[in-house]
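Chemist: First, the structure itself, so that you have it in front of you.
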Ligand code: SF4
C-alpha cells in the first residue's frame, strides 16, 4: 500500500494547485514496491506469486484478491497508510487468509502489528521470507520473525536476487526502482529509513549490473529511481557504480548528501552517467537546528558550504533538488523567512519543503514521547511530512501549519518555479559553453 493522503485540508487544496509539489508526490505514489518484488524473487518456484498495489482500490479489487484464495498475503505499507493496511489485514484474516506484515513501520512497532497479522516480520525480509514459506509448507509457522536480533536472518547483499520486475505491467510505470545501498551511517535524529531495517551496506556492482540488464530487457530506455537512503557514502564504490551506469541508456535519480560536492572525479562521472537529478537533504537554513542533528554533527559542519556546494554540483549539469524541513525546536518565525530567502538566492533547480515528522523508531520520536509532546498515541495518518503530529516548541500547531502553508505558496508559486527552471537552463548553457571552449 503506497502513497500518502495529506491530512491538512487547506494544504491539500493548496497542493492541488502547486505543480512542483504534486509532481513529486505522484512520482512517489506510483513507484512499485521494491520490497515485495524482492520477496517475490526469494519465493521458491513451487509457489505462484501475484503482486497487487492498493494505493487506490475499490471493494471489487479486494474481492478479486479474496477470490484468488491466496494461502498467504505479504503486505507492507508506509506509516501514513498503516491504519488502512490494518483494516485490510483484519478483513483478509476474517476470510481465513494468513497475513504476514512487514516493512519499516512494522519493524518499528511490532506489538501493534501483532494485533492485525498472523506473522510479523521485523527487519530485512529476504531470508525470513524463505524460512517463513518453508514454515508454512511444514505447518511450522512462527508468529514473529526478526533479522534484528537473529543473525540467521541477517542478510548480506551479495546474496541479492533480481527483483521480479516481470510481475509488473510496465506500461503503468514511469519509473522503476533498484536498490544499490541500504541504510545510512549518518543517523539523523528524525530519519527512520537510515537504520531501522538495516545498518549501512552496499550491493556488489556485478549484481546491480544484473538488475539493470533485467530492467533493460523489459524497458528500452528506463527511468530508474534508486531506492537508497544515501547512495554515495563510499566514494570508491560509488565511482565504480557510476562507471557501470554510464554504460546504459537510462536516466536516473537518487538521494545523497552534499559530500559529493567535494569530489570532482565523482561529479564528472555522475554527469557522464545521465543522472537526471540528485536529492540532497540540506534539512534547514537555521544553523542552530542542525546542531546535534546527526551523531557526528557532520551536517552542522557543512552549513557554510551550502550555496557553494549547490553551485559546484549543478555546474556539472546535475540538477539538485534541495530539501528543507520546518518545525525544529530551534525554529522560529524568522526560519520561514530565512528559508524563503535562501531558496530565492540559491540556484537550486528544485526544492522540497516538508514539516518535521516524528516517525516511530527515530530518536526524535523517543524524545517527543518522553516530553509528552506527541499529539496522540496513534497519529500515523498524520505521518505525511505535510501535517503536524507533535506539539511544536515555538509555535502552536495552527501557527506552524499556517506558516508552512504560506511558505509553500511562495516557494511553489509559478514565478519562483519558472525562475528556478530559468536559472538551471542558464547553468546548463554555461556548462555547454565551457565544454565547447575546452574542445576548441
Ligand atoms: S543523511 Fe539522509 S538518509 Fe542519512 S540519516 Fe540523515 S536523513 Fe537519513
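Residue numbers (my numbering): 21 to 460.
No residue lacks a Cβ here, since even glycine has one placed at the ideal position from N, Cα and C.
Taking its Cβ as the centre, do 16 or more other Cβ atoms sit within 10 Å of residue 333, making it buried, or is it exposed?
Modeler: buried
Chemist: Assuming residue 406 and residue 103 make a contact with CB atoms under 8 angstroms, what is their CB distance in whole Å?
Modeler: Between residue 103 and residue 406 the Cβ distance is about 17 angstroms, and since that is not below 8 angstroms, they are no contact.
Chemist: DSSP state of residue 450, grouped into three classes?
Modeler: helix
Chemist: Just list the residues that DSSP pairs residue 140 with in beta bridges.
Modeler: 121, 164
Chemist: Kindly provide the ranges of any beta strand (DSSP E) runs that are 3 or more residues long and lie completely inside the region 207–285, ordered along the chain.
Modeler: 243–246, 271–276
Chemist: For residue 456, list the residues DSSP reports as bridge partners.
Modeler: DSSP, once it has assigned bridges, lists no residue as partnering residue 456.
Chemist: When burial is assigned at 16 or more other CB atoms within 10 Å of the CB, is residue 60 buried or exposed?
Modeler: Residue 60 should be labelled buried.
Chemist: If we count the other Cβ atoms within 10 Å of its Cβ and call it buried at 16 or more, is residue 249 buried or exposed?
Modeler: buried
Chemist: Hey, out of 379, 151, 226, 450, whose CA is closest to residue 160's CA?
Modeler: Looking at the Cα atoms, 151 is the closest of the given residues.
Chemist: Using only alpha-carbon positions, find the residue among 280, 436, 313 that is nearest to residue 14.
Modeler: Since the first residue shown for the chain is 21 and the last is 460, residue 14 is missing from the structure and cannot be characterised.
Chemist: Compute the distance between the beta-carbons of residue 299 and residue 260, then report whether it is under 7 angstroms.
Modeler: no
Chemist: Which whole-angstrom value describes the C-beta separation of residue 216 and residue 264, a residue pair presumed to lie in contact below a C-beta threshold of 8 angstroms?
Modeler: Rounded, the Cβ-Cβ distance is 28 angstroms, inconsistent with contact.
Chemist: What would DSSP say about residue 26, mapped onto helix, strand or coil?
Modeler: coil
Chemist: Nearest to residue 178 by alpha carbon, out of 394, 147, 278?
Modeler: 147
Chemist: What's the gap between the Cα of residue 286 and the Cα of residue 339?
Modeler: In a straight line, the C-alpha of residue 286 is about 15 angstroms away from that of residue 339.
Chemist: Below 7 angstroms between beta carbons: does that hold for residue 414 and residue 352?
Modeler: yes
Chemist: Using the rule of at least 16 other Cβ atoms within 10 Å of the residue's Cβ for burial, across every protein chain shown, is residue 80 buried or exposed?
Modeler: exposed
Chemist: Helix, strand or coil for residue 55, going by three-state DSSP, please let me know.
Modeler: Helix.
Chemist: Taking only runs of the alpha helix (DSSP H) that begin and end inside the region 326–409, which ones reach a length of at least 4 residues, in chain order?
Modeler: Qualifying alpha helix (DSSP H) stretches, in chain order: 326–335, 353–365, 383–390.
Chemist: Spatial neighbours of residue 343 within its chain, please: CB distance less than 8 angstroms, with the 5 preceding and 5 following residues excluded, ordered by chain position.
Modeler: Counting only residues of its own chain and dropping the five nearest sequence neighbours on each side, residue 343 has a CB closer than 8 angstroms to the CB of 299, 300, 301, 302, 303, 371, 372, 373, 374.
Chemist: Label residue 456 either buried or exposed according to how many other C-beta atoms from any shown protein chain fall within 10 Å of its C-beta, with 16 as the threshold for buried.
Modeler: exposed
Chemist: Can you tell me whether residue 76 is buried or exposed? The criterion is at least 16 other CB atoms within 10 Å of its CB, across all chains shown.
Modeler: exposed
Chemist: What number of angstroms, rounded off, separates the C-alpha of residue 32 from the C-alpha of residue 310?
Modeler: Whole-angstrom Cα-Cα distance: 29 angstroms.
Chemist: Buried or exposed, going by whether 16 or more other CB atoms sit within 10 Å of the CB of residue 378?
Modeler: Residue environment for residue 378: buried (at least 16 other C-beta atoms within 10 angstroms of its C-beta).
Chemist: Whose C-alpha, out of 198, 357, 243, is nearest the C-alpha of residue 251?
Modeler: 198
Chemist: Do residue 127 and residue 142 have their C-beta atoms closer together than 7 angstroms?
Modeler: yes
Chemist: Given a threshold of 16 other Cβ atoms within 10 Å of its Cβ, counted over all protein chains shown, does residue 412 qualify as buried or as exposed?
Modeler: buried
Chemist: Quick one: grab the DSSP three-state call for residue 154.
Modeler: helix
Chemist: Would you check whether ligand 1 has a heavy atom nearer than 6 angstroms to the C-beta of residue 214?
Modeler: yes
Chemist: Quick check on residue 64: buried or exposed, where buried means 16 or more other Cβ atoms within 10 Å of its Cβ?
Modeler: exposed
Chemist: Considering Cα atoms alone, identify which of 420, 313, 429, 223 is closest to residue 387.
Modeler: Considering only alpha carbons, the answer is 313.
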